[in-house]
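Student: Numbering (the numbering used here), first residue to last: 7 to 334. All C-beta atoms in this analysis are idealised placements derived from N, C-alpha and C, irrespective of residue type, glycine included. Quick caveat: nothing in here was measured; it's all calculated off a predicted structure. One structure follows; several queries about it will come next.
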Amino acid sequence: MTPFTYSRARDTTEAIRLGAADCAKYLGGGTNLIDLMRETVERPTALVDVTGLSTLIEESDDGGLLIGAAAKNSAVAENLAVRQRYPVLAKAILAGASAQIRNMATVGGNILQRTRCTYFYDEDGSRCNKRTPGQGCDAIDGFNRIHAILGASSACVATHPSDMCVALAALDATVHLQGPGGARSIPLTAFHTLPGERPQIETVLQPGELITAIALPAPAAAARSSYRKVRDRASYAFALISVAAVLDVEDGAVKDVRVALGGVAPKPWRAHKAEGLLRGGPATERAFMAAAEAELADAAPLHGNGFKVELVKRTITAVLSALAGEVA
Ligand SMILES: Cc1cc2nc3c(=O)[nH]c(=O)nc-3n(C[C@H](O)[C@H](O)[C@H](O)COP(=O)(O)OP(=O)(O)OC[C@H]3O[C@@H](n4cnc5c(N)ncnc54)[C@H](O)[C@@H]3O)c2cc1C
Ligand code: SF4
């Protein structure tokens, strides 16, 4: 492991000052970063612990919810407002990792956790463009059962592993950032980037920028939401695929719908095509399947993950049908 210094920030200003050092990294619960440091995939020389920053989960003036970036995943999932008004978020978090890891992991760290592509973690034995730009990608012809079918490139086919982020994408969450250049806010759906020729760049975060909070807009009164994760084991496994959905049905027609997919792309994948087809149309199983077919029309499966295409279509249909049944 590369030697590093450790400091604990007392507030956001101090965190940003310390985080401006060369090769500094912010430290949340450490459940991903420390593993990557042990494997020497990440080599920060300064760790700035940000777990002492805001853990607040509070209603905002517009009726939405503001969640501090240092809030633990378990605290968010247990929060009453989250459980009652954003069940998709509570379900997604509880579908991830284990109780012990959720007790350590923070919201900021979850958003910035890195792919679980095994070649990425294998510093000594595998080629990986994300870890070492220009080196090649051993996943493309290798074991790629868990890899992407949408949004990938010839440089990298890794998926974003977070369950929580899939729910945040469906909820139209906003990420609040603060850095040496000031504060800004961007939609979560625009926060993660697709790999293109530069898979080492995964987000729009600038050097030294800190995630300070997540904002959720107020949910529509009649909307229902849910999360379904399909995985190899019932617990302690990352998603093969997952679906987060928010559905608002009025008189049998789709008034509003938001669908996000996990385990299929290098970022939480918002299913805009499917949503566009569904809005204003009938809330029926047939319409849900037709929309899912349209969303997956451009899927480009690898030799090991063709099964994901049908699995995603069926899971979108099942989740939306169940929500429509709840609303009817
Ligand atoms: C065995 C195991 C199983 C898991 N299973 C799942 C699963 O099924 N589903 C799932 O979604 N996840 C799963 N995870 C991943 C887990 O959710 C993440 O490791 C966790 O959310 C990361 O949060 P953290 O606070 O520990 O981040 P850290 O490890 O501390 O940091 C991760 C990254 O975020 C950066 N960072 C942290 N906070 C901030 C901030 N405020 N601003 C800017 N940068 C920041 C760090 O610099 C680092 O780059 C699993 C992890 C393990 C070890
Ligand atoms: S898929 Fe991406 S992360 Fe995995 S080996 Fe290829 S370049 Fe690396």
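Closer than 5 Å is what we want: which residues have a beta carbon that near any heavy atom of ligand 2? List them in chain order.
Tutor: Checking every Cβ against the heavy atoms of ligand 2 under 5 Å gives C123, Y125, F126, C134, N135, K136, C143, A145, C162, V163, A164.
Student: Among V249, V255, S132, A179, which residue has its Cα nearest to the Cα of G74?
Tutor: If we check each option's Cα against that of G74, A179 comes out closest.
Student: Who are the Cβ neighbours of P201 in its own chain at under 7 Å, not counting the five residues just before and after it?
Tutor: Excluding sequence neighbours, P201 sits near A158, S159, A161, C162, P272.
Student: What is the rounded straight-line gap between the Cα of A334 and the Cα of I217?
Tutor: Since pLDDT at A334 reaches only 48, below the 50 mark, its modelled position is unreliable, and the value read off the structure follows with that caveat. When rounded, the distance between both Cα atoms is 39 Å.
Student: Could you name the residues of the same chain whose beta carbon sits closer than 6 Å to that of M170, not counting the 5 residues immediately before and after it, in chain order?
Tutor: Hits under 6 Å: A98, I99, N116.
Student: My parser needs the alpha helix (DSSP H) runs of 4 or more residues fully inside the stretch 204 to 245; what are they?
Tutor: Counting only runs of 4 or more, we get nothing.
Student: Between the Cα of D28 and the Cα atoms of T46, E203, V54, G287, which residue gives the shortest distance?
Tutor: Answer by Cα proximity: V54.
Student: In whole angstroms, give me the CA-to-CA distance for Y32 and V113.
Tutor: Cα to Cα, Y32 sits roughly 13 Å from V113.
Student: How many Å lie between R151 and R16 at the Cα?
Tutor: One C-alpha to the other measures close to 43 Å.
Student: Give the secondary structure of R137 by DSSP, where H, G and I count as helix, E and B as strand, and everything else as coil.
Tutor: R137 falls in the coil class under three-state DSSP.
Student: When the Cα of E84 is compared with those of G36, G70, A101, which residue comes out closest?
Tutor: Per the Cα distances, A101.
Student: Starting from D55, follow its DSSP beta bridges and name the residues at the other end.
Tutor: BP columns for D55 point to R14, L33.
Student: Buried or exposed: H198, going by 16 or more other Cβ atoms within 10 Å of its Cβ?
Tutor: Buried, because 16 or more other Cβ atoms sit within 10 Å of the Cβ of H198.
Student: Which residues does DSSP list as the beta-bridge partners of K78?
Tutor: Looking at the DSSP assignment, K78 forms a beta bridge with T112.
Student: Is I117 helix, strand or coil when you go by DSSP?
Tutor: Helix.
Student: Using CA coordinates, which residue listed in G36, I40, P167 is at the minimum distance from R237?
Tutor: Selected option, being the one with the closest Cα: P167.
Student: Does DSSP put D68 in a helix, a strand or coil?
Tutor: Coil at D68, not helix or strand.
Student: Using DSSP's beta-bridge definition, name the partner residues of A251.
Tutor: Answer by DSSP bridge pairing, in chain order: S232, V265.
Student: Cβ of N109 within 6 Å of any heavy atom in ligand 1?
Tutor: Incorrect: N109 has no Cβ contact closer than 6 Å to ligand 1.
Student: Roughly how many angstroms lie between the CA atoms of R234 and G131, to the nearest whole one?
Tutor: Spanning the two alpha carbons is a distance of roughly 35 Å.
Student: Between which residues of its own chain and R49 is the CB-CB distance below 6 Å, once the five residues before and five after are set aside?
Tutor: Taken in chain order, the residues that qualify are T8.
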